[in-house]
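These protein sequence lines map, in sequence, to chains A and B.
Residue 73 in my numbering sits at position 73 of the first sequence, with consecutive numbering throughout.
Residue 1162 in my numbering sits at position 162 of the second sequence, with consecutive numbering throughout.
The beta-carbon is built from N, C-alpha and C at its ideal position, and this holds for glycine as well.
Read through the structure below, which is laid out as structure tokens, and then see the notes.
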Amino acid sequence: MTSENSTPHNTPQDDQLRQAFRTYAATLSTDLTPPPAAAILFRAERRRRRLAIERAERPLLIMQSLGTLCAAGTLAWLAYRFAPHTLPALNTTTLALTIACTTLILAGCWAMLHASRRTSA
Amino acid sequence: MPSSLEHAAATATVLSELAFQRLYDANATSIHSYLLAVSARRDVADDLLQETFCRLLLHPETAARLDTLELRRYLFRIATNLLRDRHRSGDTTPFADPPEPTTHPSLDNTIDIRTMLQALKPRERELLWLAYVEGMDHAEISNATGLNRLSVRTLLFRARNKAKQFLAPARASL
């Protein structure tokens, strides 16, 4: 602590400054009452739980976003295919598969949303 | 009946709480004073003190590999970063409510130091406090503030000179 990097400058002014600072710190220490440690432990525990929930929900959020994108894409494609002009009509199998996929995606999104809300609560 | 594993886990939790209590008792007052001297607001000092220890608790692996002295410096580092974040966010009421001690062992010094702190920049307050109250050298201040060691030397020199100007009238009046 007393290398060439050390702070002590022992001029009378430095001593006076040091003394003034330490006196002030001592008076502050006497007056201050830090919050109880239990309050900090409680705050840390609450934050730890919130972070854990956020971590757990992250995959759900990603899947929800992907599901929404898929559903939107499917709907757009369906609208394009059913447009009355130029395009040929869908055959029955393709139509059934498309509807089934869309239903599954929407059901999956709803299930994940429901599950994540229950976890947050 | 609780298994031995559950009992061990419960004991570990109690011990860690006790260790935290000891750590808190040893460092809270000095960090609280530091935060109050730099921020000049009791509510901010209270909040940042809680946040400082809260962050330590959220990274127990860091706390586990540091000894007592390193842990103290680490706490000052967190506190300094929080002060800086607050300053950057623009939430800086400059000494609107300066800390006013109710006891005055040396009235002249106390008044001078408050006037001086009001005139100094937050970073200068940080550096002077760490150097004079905590007794840190340049390397330790560099660790606690994240500043380059040479910058610490220069900034501390300037802060010291600035602070001395406020002590001069008091000396002259003696």
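Original post:
Would you call the stretch 62-81 of chain A and the stretch 1068-1081 of chain B in contact, with 3 or more CB pairs under 8 Å?
Top reply: no
Subject >> Any non-hydrogen atom of the ligand ZN within 7 Å of residue 1054(B) CB >> reply: Absent from the structure shown: the ligand ZN. Ligands present: none.
Subject >> residue 1085(B) versus 1134(B), 1133(B), 1035(B), 1128(B), residue with shortest Cα-Cα distance >> reply: 1035(B)
Subject >> Minimum Cβ-Cβ distance from residue 1029(B) to chain A less than 8 Å >> reply: For residue 1029(B), the answer is yes, since a Cβ of chain A falls inside 8 Å of its Cβ.
**OP:** From the DSSP output, in three-state form, read off residue 31(A) for me.
**Re:** Taken through DSSP and simplified to helix, strand or coil, residue 31(A) comes out as helix.
Subject >> Cβ distance (whole Å) where residue 1120(B) is taken to contact residue 1155(B) below 8 Å >> reply: With a Cβ gap of about 11 Å, residue 1120(B) and residue 1155(B) do not count as contacting.
**OP:** Figure out for me which residue from 47(A), 45(A), 58(A), 109(A) has the closest Cα to the Cα of residue 72(A).
**Re:** 109(A)
Original post:
Hey, quick one: how far does the alpha helix (DSSP H) through residue 966(B) stretch, first residue to last?
Top reply: As displayed, chain B neither begins before 1001 nor continues past 1174, which places residue 966(B) out of reach and without an answer.
**OP:** Report the residue from 27(A), 95(A), 12(A) whose alpha carbon sits nearest the alpha carbon of residue 1114(B).
**Re:** Looking from the CA of residue 1114(B), the closest CA among 27(A), 95(A), 12(A) belongs to 27(A).
**OP:** Could you name the residues of the stretch 17-29 of chain A whose beta carbon sits closer than 8 Å to any beta carbon of chain B, in the order they occur along the chain?
**Re:** 17, 18, 19, 20, 21, 22, 23, 24, 25, 26, 27, 28, 29
**OP:** Less than 8 Å between the CB atoms is what I'm expecting for residue 1017(B) and residue 41(A), so what's the real figure, rounded?
**Re:** 7 Å
Original post:
Which residue's Cα is closest to the Cα of residue 1078(B): 1055(B), 1136(B), 1026(B), 1066(B)?
Top reply: 1055(B)
Subject >> chain A contact residues for residue 1050(B), given Cβ-Cβ distances below 8 Å >> reply: Neighbours of residue 1050(B) across chain A, judged by C-beta separation under 8 Å: 35, 39, 40, 43.
Original post:
Should the stretch 1022-1035 of chain B be called in touch with the stretch 19-37 of chain A, which here means at least 3 C-beta pairs below 8 Å?
Top reply: Contact between the stretch 1022-1035 of chain B and the stretch 19-37 of chain A is present: 3 or more CB-CB pairs across the two stretches fall below 8 Å.
**OP:** Would you kindly work out how many angstroms separate the C-alpha atoms of residue 1129(B) and residue 115(A), rounded to a whole number?
**Re:** 51 Å
Subject >> Neighbouring residues, chain A, relative to residue 1032(B) (Cβ below 7 Å) >> reply: The contacting residues are 32, 34.
**OP:** Write down the C-beta distance between residue 1167(B) and residue 17(A) rounded to the nearest angstrom, noting that I regard them as a contact closer than 8 Å.
**Re:** 6 Å
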